[in-house]
Amino acid sequence: MLFLTAHAAASSPNGTVDHLSVHPIFGSELTVADGWADVIVRAGTPAGVPAGGGGLWAVSGSALTAPVAFDALRAPQVVPAHSFLGGIDVVLADAHGARIATGSARTETRTAPSLLIWSTVTSLGLDLRGSEIEGRRDRGVDLKLRIGWVERDPRTGAALAPDSAAVYAAVDVVLLRAEDLAALHGGPLAALTTWVLGGGTLAVVPGARDLTDTPLVAMVGGAIRHTTGTDERPAGFRGGNLRDDALGAVASYGLGEVYLLDFDPLWFDHDAESYARVRELVARGFRRRSLPAFAHAPEGRDPNAAVVRALDPNQGHGRALALAALVLTAYAVLAGPVVHLRARRRRRPLAPLAQVPLLSAGAFALIVVIGVVSKGIAGRARHLTFVESGAGLSRGTGVAYRSFFAGRTTRLAVPSLSPGGRLALVDRHDGAALDGPHGLAPSSLTLRPWRTVVVQEVGFTYELGGGVTIRRLPDGRLIVRNATGRALRDAILADGPSATYLGSIESGAAATFSEGRALRRDFEDPRRDLPQAIEEPQWALRLASYYLGAAIGGDEGERVRATWQLAEGVAAGSDFWSAEGPVLIAELEGPSSTTHDGGLRLESDRVLLRVVGEGGAP
């Protein structure tokens, strides 16, 4: 921020300084203090904006977003912003980099039920804001309803919506009309559907008509028709994966749900029953917040440092250190007793003065060679991706960590894994960097020699081929079919109070629950009597790699413990072993679909997979 201000003063002393109006894209209540929180920017005096265009930057802490170009700021502009410690500053500059105006917005994080209304012409939000929502009273949770709205561009009428699912982090339920969903295209549509896929709740007011809009049909799994009521079955919506519900009809989509409401809460006239049903809808969405394990990974941080250690080549030099220790030991022996005893026998007491420096230089050179060989000169990258998906789905969501290492100073352009991905440096103290929706700018990510930089990416989708099917056989047993195109290594299937270790399941193969090795519930039961579990019963559903490895035992248990220890910080606070259905966890094993990242050779690409629920082809 100071750099931009100083640069503007030096380059354009006569530049027009104007006022910017900046506020979070969903309003002040639906924000996050540390994460992606896009903002809407308006110019206080459009005449002050130069015709030559320029750019908008969002500044928070040491992070700068990639500039957003503009022609004339006469309409609201959505600017990607990465909030750090609750503050976002926006800088408007002309084509020459001279500052024209600045504005700021504050963000905050309060864990509370939230409803995003895709309209600003309804009184629903004003009437329900602050309502008490039924939910689990965990520590730090406020059950007062928070409300947000989606604004529209006054020129085109299009919704001002984000193009990344990461911006929906504070939202539990999105409420909109079917025609508003049909009007979405490109990035905003992909962002909304990715958010639902990862555990969000989408409530659609369809009206009394058949629905053939592609986004909705794709999410519910087929064409939707409106049926009139009969004596046996009331009026409602049929088709795809829809099932009847007290609120209308509902279909699962990944870890999320899509509702077709049989009432219109966006209409001006409301009654107590409509309010109660909306509160029930929000309560359901709020309960689903604990179902995704990786969606709430700490932004730009690695709480227990396990991920950074796994991705840092500097952490794996045990053999090199041992060899260097042997060299130093040999040097100490030679430069000490050996050289001096030899000099005494030959009656040349001054000989060590010439021999010891030579031995020192040789030992030093050998240690340098060992260090260079162990670290390597060629740059390389490593990936560690945590993916979760509903059973039977071909795509999943999650969080990816990507490390970059080079033997010399290198500047990189780091592309996103998908168009909606958002990138942030895990170590913000390694210099200022651009957090951009389309990847870090080439000049922003500089690798210093033999230092590792780790980047976190959220808001993307991960392709899983045909997915992982989990079905219950007529006799009640669960069967798992792997159609991901890669082997499932160290697969563990939990079903209520029971769990089994299935080992490896090759692509195209299947395994039943009974074929695995039944596990003792050591990874859950011993914790039920701990103070945390007594105070918070859901604590026993969280991931604990130590108990998980102990339940399996042997070398396999140690390997599983080491693998899933990487996920503990990422999945902190979630109901990892969901009570809503079976859960399968495994590591995807097989060749990676890419060989390079940012121009560096991809050394390893690990993917840890979590599949929840039942579904998929029989």
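Residue 665, in our numbering, is where the sequence shown stops; the numbers in between run on with no holes.
Note that beta-carbon positions come from the ideal geometry of N, C-alpha and C, so glycine has one too.
Remember, predicted model here, so these are calculated numbers, not experimental data.
Less than 8 angstroms between C-beta atoms, sequence neighbours within five positions excluded: which residues of the same chain meet that for residue i?
{"i": "serine 561", "result": "Arg524 and Thr547"}
{"i": "valine 175", "result": "First, the amino acid is wrong: residue 175 is leucine here, not valine. Leu162, Leu192, Ile194, Tyr322, Val325 and Arg326, listed in sequence order."}
{"i": "alanine 369", "result": "none"}
{"i": "glutamate 615", "result": "Asn351, Ala353, Leu590, Ala591 and Ser592"}
{"i": "glycine 182", "result": "Pro160, Val188, Leu190, Ala330, Phe333 and Arg334"}
{"i": "leucine 338", "result": "Gly246, Leu302, Ser621, Asp622, Ser625, Glu627 and Val659"}
For residue i, collect the residues of the same chain with a Cβ closer than 6 angstroms to its Cβ; drop the 5 residues on either side in sequence, then sort them by chain order.
{"i": "tryptophan 165", "result": "Val197, Leu223 and Asp227"}
{"i": "serine 299", "result": "none"}
{"i": "glutamate 650", "result": "Arg427 and Arg429"}
{"i": "valine 505", "result": "Ala213, Val446 and Arg469"}
{"i": "alanine 238", "result": "Pro209, Asp210, Ser211, Ala212 and Gly467"}
{"i": "arginine 648", "result": "Arg427"}
{"i": "glycine 439", "result": "Gly514, Thr516, Gly662 and Gly663"}
{"i": "leucine 289", "result": "Val267, Ala296 and Ala298"}
{"i": "glycine 269", "result": "Gly286 and Gly287"}
Can you check which of these residues, the options, is closest to residue i by C-alpha distance?
{"i": "glycine 620", "options": "Gly506, Arg335 and Ile194", "result": "Arg335"}
{"i": "proline 617", "options": "Leu540, Phe433 and Trp242", "result": "It should be pointed out that residue 617 corresponds to valine in this sequence rather than to proline. That would be Phe433, whose Cα lies nearest to the Cα of valine 617."}
{"i": "glutamine 124", "options": "Pro209, Ala557 and Glu179", "result": "Pro209"}
{"i": "tryptophan 516", "options": "Tyr509, Glu510, Thr508 and Ile526", "result": "The sequence shown places threonine at residue 516, not tryptophan. When each option's Cα is compared against that of threonine 516, the closest is Ile526."}
{"i": "isoleucine 180", "options": "Pro544, Phe333, Gly247 and Gly102", "result": "Phe333"}
{"i": "glycine 245", "options": "Val374, Ala664 and Val658", "result": "Val658"}
{"i": "serine 68", "options": "Val138, Ala80, Gly101 and Leu132", "result": "Val138"}
{"i": "alanine 330", "options": "Leu381, Asp189 and Ala367", "result": "Asp189"}
{"i": "arginine 589", "options": "Gly604, Arg442, Asp602 and Gln612", "result": "Gln612"}
{"i": "alanine 213", "options": "Val403, Val502, Val500 and Thr444", "result": "Thr444"}
{"i": "aspartate 81", "options": "Gly102, Ala116 and Gly134", "result": "Gly134"}
{"i": "leucine 171", "options": "Ala105, Glu510, Asp318 and Ser639", "result": "Asp318"}
{"i": "glycine 254", "options": "Ala216, Leu239, Gly283 and Arg536", "result": "Gly283"}
{"i": "leucine 464", "options": "Thr508, Val501 and Val473", "result": "Thr508"}
{"i": "phenylalanine 73", "options": "Ala122, Ala152 and Gly604", "result": "Ala152"}
{"i": "arginine 442", "options": "Ala425, Glu510 and Tyr448", "result": "Glu510"}
{"i": "glycine 555", "options": "Leu535, Pro235, Ser639 and Ala565", "result": "Leu535"}
{"i": "serine 450", "options": "Glu435, Thr493 and Val420", "result": "Thr493"}
{"i": "glutamine 362", "options": "Ile539, Val221 and Arg498", "result": "Arg498"}
Between the alpha carbons of residue i and residue j, how many angstroms are there, rounded?
{"i": "proline 489", "j": "glycine 563", "result": "The predicted model places proline 489 with a pLDDT of 42, which falls under 50 and marks its position as unreliable; any figure quoted below should be read in that light. Taking the straight line from one Cα to the other gives about 49 angstroms."}
{"i": "glycine 454", "j": "aspartate 85", "result": "36 angstroms"}
{"i": "valine 325", "j": "tryptophan 314", "result": "13 angstroms"}
{"i": "threonine 112", "j": "alanine 412", "result": "44 angstroms"}
{"i": "tyrosine 594", "j": "alanine 344", "result": "22 angstroms"}
{"i": "valine 312", "j": "alanine 250", "result": "Strictly speaking, residue 312 in this sequence is proline, with valine absent from that position. The alpha-carbon atoms of proline 312 and alanine 250 are separated by roughly 10 angstroms."}
{"i": "leucine 263", "j": "threonine 456", "result": "49 angstroms"}
{"i": "proline 127", "j": "isoleucine 87", "result": "9 angstroms"}
{"i": "histidine 66", "j": "aspartate 200", "result": "20 angstroms"}
{"i": "glycine 365", "j": "arginine 533", "result": "31 angstroms"}
{"i": "aspartate 260", "j": "phenylalanine 452", "result": "46 angstroms"}
{"i": "glycine 684", "j": "leucine 302", "result": "Missing from the structure shown is residue 684; the chain here goes from 48 to 665 and no further."}
{"i": "methionine 48", "j": "arginine 157", "result": "Note on methionine 48: pLDDT 34, under 50, position unreliable in the model; the coordinate value appears next. So the two alpha carbons sit approximately 27 angstroms from each other."}
{"i": "arginine 89", "j": "histidine 70", "result": "9 angstroms"}
{"i": "arginine 394", "j": "arginine 606", "result": "60 angstroms"}
{"i": "arginine 458", "j": "glycine 601", "result": "44 angstroms"}
{"i": "arginine 653", "j": "threonine 641", "result": "12 angstroms"}
{"i": "aspartate 141", "j": "aspartate 622", "result": "49 angstroms"}
{"i": "glycine 596", "j": "alanine 357", "result": "18 angstroms"}
{"i": "glutamate 76", "j": "glutamate 553", "result": "47 angstroms"}
{"i": "histidine 643", "j": "valine 461", "result": "11 angstroms"}
{"i": "threonine 376", "j": "arginine 392", "result": "23 angstroms"}
{"i": "glycine 101", "j": "alanine 216", "result": "30 angstroms"}
{"i": "tyrosine 666", "j": "leucine 655", "result": "Absent from the structure is residue 666, since the part of the chain shown begins at 48 and ends at 665."}
{"i": "alanine 633", "j": "aspartate 537", "result": "6 angstroms"}
{"i": "glycine 550", "j": "leucine 631", "result": "12 angstroms"}
{"i": "alanine 530", "j": "alanine 340", "result": "22 angstroms"}
What residues in its chain sit with their C-beta under 7 angstroms from that of residue i, if we drop five residues either side in the sequence?
{"i": "alanine 371", "result": "Ile414 and Ile417"}
{"i": "leucine 406", "result": "Tyr378, Leu381 and Ala382"}
{"i": "glutamate 582", "result": "In this prediction, glutamate 582 scores a pLDDT of 47, lower than 50, which makes its location untrustworthy; the coordinate-derived value is nonetheless stated afterwards. For glutamate 582, where only same-chain residues beyond five positions count, there are no Cβ hits under 7 angstroms."}
{"i": "proline 399", "result": "Val386, His387 and Ala390"}
{"i": "glycine 177", "result": "Lys191 and Leu192"}
{"i": "proline 573", "result": "Here the model assigns proline 573 a pLDDT of 48, short of 50, so the residue's position is not dependable and the matter cannot be decided."}
**Report entry** Length-filtered (3 minimum) beta strand (DSSP E) runs lying within the segment 218-244
**Finding:** Along the segment 218-244, the beta strand (DSSP E) occurs as fully enclosed runs of 3 or more residues at 220-224, listed in sequence order.
Query raised in the report: How do the segment 132-148 and the segment 284-304 stand: do at least 3 beta-carbon pairs fall below 8 angstroms, yes or no?
Result: The way I'd put it, the segment 132-148 doesn't touch the segment 284-304; fewer than three beta-carbon pairs between them come closer than 8 angstroms.
Report task. Evaluate contact between the segment 351-362 and the segment 460-472, counting only Cβ atoms and requiring at least three cross-stretch pairs below 8 angstroms. Result -> Taking 8 angstroms as the limit for Cβ pairs, the verdict is that the segment 460-472 does not touch the segment 351-362.
Query - Length-filtered (3 minimum) beta strand (DSSP E) runs lying within the segment 627-655 - result: Within the segment 627-655, the complete beta strand (DSSP E) runs of at least 3 residues are 630-636.
**Report entry** Any alpha helix (DSSP H) of 4 or more consecutive residues that is wholly inside the segment 292-343
**Finding:** The segment 292-343 contains these whole alpha helix (DSSP H) runs: 319-334.
Query - Ordered list of beta strand (DSSP E) runs contained in the segment 392-476, each at least 3 residues - result: The qualifying runs are 427-437, 442-452, 457-461 and 469-472.
Query raised in the report: Can you list, in chain order, the stretches of the beta strand (DSSP E) that have 3 or more residues and sit fully within the segment 170-209?
Result: The DSSP assignment places complete beta strand (DSSP E) segments of no fewer than 3 residues inside the segment 170-209 at 193-196, in order along the chain.
**Report entry** Minimum length 4: unbroken alpha helix (DSSP H) runs contained in the segment 122-156
**Finding:** As far as the segment 122-156 is concerned, it has no whole alpha helix (DSSP H) run of at least 4 residues.
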